[in-house]
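Participant: FYI, our numbering numbers position 41 of the sequence shown as 59, with every residue one higher than the one before it. Ideal Cβ positions, reconstructed from N, Cα and C, are used throughout, including at glycine. Bear in mind the structure is a predicted one, so any value in this text is a computation, not a measurement. Let me begin by handing over the structure; questions about it come next.
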Amino acid sequence: MQNRRMPRVSFREAVTVFADPLAVTYHDPDHSISEERFITVGMSGVGR
């Protein structure tokens with residue numbers, strides 16, 4: 019899992035971003051070749 023190697027964010031923590039009322043989700047055209055993909059940016063439950 020690449021997301022644990024560099025930023026050291028577990029999947030359990032990452033999913034808490036969806037509870038952030040200020041999180042922003044936008045379309046990711048660079049990775050939407052075979053299906054639509056989206057990126058969500060926000061604060062995790064522990065403030066990262």
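Below 8 Å between beta carbons: does that hold for G60 and D46?
Facilitator: The residue you call residue 60 lines up with position 42 of the sequence shown. The residue you call residue 46 lines up with position 28 of the sequence shown. Their beta carbons are not under 8 Å apart, which means G60 does not touch D46 by this criterion.
Participant: Please go through the same chain and pick out, in chain order, the residues whose beta-carbon is closer than 8 Å to the beta-carbon of L40, but skip the five residues on each side of it.
Facilitator: As a position in the sequence shown, residue 40 is number 22, starting the count at 1. These residues qualify, in order along the chain: G60 and M61.
Participant: Look up V64 in the DSSP assignment and say whether it is helix, strand or coil.
Facilitator: Position 46 of the sequence shown, counted from the first residue, corresponds to residue 64. V64 falls in the coil class under three-state DSSP.
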